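Numbering (mature numbering (1 follows the signal peptide of the UniProt record, and there is no 0)), first residue to last: -22 to -1, 1 to 51.
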């Protein structure tokens, strides 16, 4: 346990003594597409509930009648 503590403390000490960190890479170039024109389709909003039909519960039914309806189909 002490060795893990010493290893962690040593890593923190070495990190604190290091010189200033390098700057982060430029990410603006990553956001631009390589080719601005191409065979890309336009992304338009599509309603996730399109075609949804609201269902209402019909209440309890006889299991025998429901079974017979399923056998008929």
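We put the CB at the ideal spot given by N, CA and C, even for glycine. Note that this is a predicted model, so its numbers are computed, not measured.
First through last residue of the alpha helix (DSSP H) which encompasses residue i
i, result
"residue 55", "Only positions -22 to 51 of the chain appear in this structure, which leaves residue 55 out of reach."
"residue 21", "Careful: residue 21 lies outside any alpha helix (DSSP H) and carries neither H nor E."
"residue -20", "-21 to -6"
"residue 9", "6 to 9"
8 Å CB neighbourhood of residue i in its chain, flanking five on each side removed
i, result
"residue 50", "none"
Cut-off 6 Å between Cβ atoms - residues of its own chain near residue i, not counting five sequence neighbours on either side
i, result
"residue 41", "none"
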